[in-house]
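Below is one structure, written out as structure tokens; the observations come after it.
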Amino acid sequence: MARLTALSGLGRKSAALFLLEIEGRRLLLDMGGGLEVDERPDLSQAGRIDAVLLSHAHVDHVGALDRLAEIGGPPVYATRETQRQLPPALRPARLASLPDRGSAEVLGVRLETGRSGHAPGGIWMRFPTLRGGFLYTGDFSTEAPLLRCDPFPRSATVLADASYGDREDSLAYQIAALTEAARGGAVLPCPADGRGPDMVAALGAAGLTVHACPHIADETERHTGSRPPGATPETATAAQVIVADGPNAEHGLPAALRERPGFRFIFSGHVPRSSPAHAMIAGGHARWMGWNVHPRLTDILAVAASTRAERVLPAFVDLTTAPRLTAALGPRLRQCTSLEV
Ligand SMILES: [Zn+2]
Numbered sequence: 001m002a003r004l005t006a007l008s009g010l011g012r013k014s015a016a017l018f019l020l021e022i023e024g025r026r027l028l029l030d031m032g033g034g035l036e037v038d039e040r041p042d043l044s045q046a047g048r049i050d051a052v053l054l055s056h057a058h059v060d061h062v063g064a065l066d067r068l069a070e071i072g073g074p075p076v077y078a079t080r081e082t083q084r085q086l087p088p089a090l091r092p093a094r095l096a097s098l099p100d101r102g103s104a105e106v107l108g109v110r111l112e113t114g115r116s117g118h119a120p121g122g123i124w125m126r127f128p129t130l131r132g133g134f135l136y137t138g139d140f141s142t143e144a145p146l147l148r149c150d151p152f153p154r155s156a157t158v159l160a161d162a163s164y165g166d167r168e169d170s171l172a173y174q175i176a177a178l179t180e181a182a183r184g185g186a187v188l189p190c191p192a193d194g195r196g197p198d199m200v201a202a203l204g205a206a207g208l209t210v211h212a213c214p215h216i217a218d219e220t221e222r223h224t225g226s227r228p229p230g231a232t233p234e235t236a237t238a239a240q241v242i243v244a245d246g247p248n249a250e251h252g253l254p255a256a257l258r259e260r261p262g263f264r265f266i267f268s269g270h271v272p273r274s275s276p277a278h279a280m281i282a283g284g285h286a287r288w289m290g291w292n293v294h295p296r297l298t299d300i301l302a303v304a305a306s307t308r309a310e311r312v313l314p315a316f317v318d319l320t321t322a323p324r325l326t327a328a329l330g331p332r333l334r335q336c337t338s339l340e341v
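Position one of the sequence shown corresponds to residue 1 (the working numbering), numbered consecutively onward.
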């Protein structure tokens, strides 16, 4: 018997912390930190953990790694690319590798992984169980121009990223809208190791000259082989289209430019209430336009169909805001925080 317990990550956009008890082991799938400044996930229910498995290196999936001592100091498993992205303050003493795609074994527990199309090095994980298999999608997207999402294997129980709830806009539509909005100059903040290279490539292909901060320029060069023109606090002008690390203008080039007159900001990701981006949008000094890095409603339903899932747990979403997803999943929907898988 295997049991999944969501310590956090169900019911709203919050830290990913999922306990999987399987074959006598206690595995923690992701060890996220809070998205808000004052948010600190409760680890008291985790108990002693044998190993932590990471889906990717974003803060809501790894941000509590500095608290490993609270769960017995277990080893941490992640792909090599995810390991590379971990900030020094969150780097665990004991790190072991998971494949980007293929079979793996963690303390005797078998699993299969595949690329999740959301971040470089990001993976889904699938565990064989007596009830037909358990799949954790991690954050995933099937629309990213530069990142692959490998097909999800058949699984009776699926814990699925549903961060966008009922959203249906396609990335292609969003790229066209953002291209028009950014023409004439805009700062487009994005996270490190996320959609930056895609933004540079897609807006460039749409005819814009796109500049990038040094961090995003490095990432773009690594993924596409070509380096966009740079932008720094000294060289940036309001007439440039600039993709820069600092997703909510809390650090990096966006933080340096946010008080300067003339710069138009367009945010495109999750905006925490405690972030500068939230205040800028609320004050009418910036706008928000979507750029999908998570699945649309149709993508979630496609996963449920292709895996032949009998039970689907939509993660990172308040289902009261997603009535269409709720209705479409019908009897497959599970909202309980603990169930046999
Ligand atoms: Zn993510």
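Note that CB positions come from ideal geometry on N, CA and C, so glycine has one too.
Integer Cβ distance of residue i from residue j, believed to fall under 8 Å
i, j, result
"Arg-131", "Glu-112", "Actually they are not in contact, since the Cβ atoms of Arg-131 and Glu-112 sit about 16 Å apart, beyond 8 Å."
"Thr-142", "Pro-295", "7 Å"
"Thr-343", "Gly-34", "Only positions 1 to 341 of the chain appear in the structure, and residue 343 is not among them; the question remains open."
"Phe-18", "Ala-6", "6 Å"
"Gly-63", "Ala-93", "No, Gly-63 and Ala-93 are not in contact; Cβ-Cβ is about 18 Å, not under 8 Å."
"Phe-134", "Val-341", "4 Å"
"His-211", "Pro-228", "6 Å"
"Pro-197", "Glu-219", "5 Å"
"Gly-184", "Ala-239", "7 Å"
"Gly-246", "Leu-253", "6 Å"
Beta-carbon contacts of residue i that lie in its chain and below 6 Å, excluding the five residues immediately before and after
i, result
"Ala-186", "Val-241, Arg-264, Ile-266"
"Arg-287", "Ile-266"
"Leu-301", "Ala-328"
"Asp-150", "Arg-101, Gly-114, Arg-115"
"Leu-147", "Gly-117"
Beta-carbon contacts of residue i that lie in its chain and below 7 Å, excluding the five residues immediately before and after
i, result
"Glu-36", "Pro-272, Arg-273, Ser-274"
"Thr-179", "Leu-203, Ala-206, Leu-208"
"Pro-145", "Asp-198, Ala-201, Ala-202"
Within-8 Å CB hit, residue i to chain D
i, result
"Thr-79", "Chain labels in this structure do not include chain D; a single protein chain is all it has."
Contact under 8 Å by Cβ, residue i with residue j
i, j, result
"Asp-60", "Arg-25", "no"
"Ala-256", "Pro-233", "yes"
"Val-293", "Gly-194", "yes"
"Arg-334", "Leu-313", "yes"
"His-118", "Asp-100", "no"
"Leu-53", "Leu-95", "no"
"Met-280", "Arg-258", "yes"
Same chain, Cβ closer than 8 Å to residue i, five either side skipped, listed in chain order
i, result
"Arg-332", "Ala-304, Ala-309, Glu-310, Arg-311, Val-312"
"Arg-110", "Ser-103, Ala-104, Phe-127, Pro-128"
So if I measure from each beta-carbon to every heavy atom of ligand 1 and keep distances below 5 Å, which residues remain? His-58, Asp-139
Unbroken stretches of the beta strand (DSSP E), 3 residues or longer, contained in the region 21 to 54: 25 to 29, 51 to 53
Please give me, in chain order, every unbroken run of the beta strand (DSSP E) with length at least 3 that falls completely inside the region 194 to 275. 210 to 212, 241 to 245, 265 to 267
Start-end ranges of the alpha helix (DSSP H) lying completely within the region 59 to 87, minimum 4 residues: 59 to 62, 80 to 85
At 4 residues or longer, and completely inside the region 294 to 320: list those alpha helix (DSSP H) runs for me, N to C. 297 to 306
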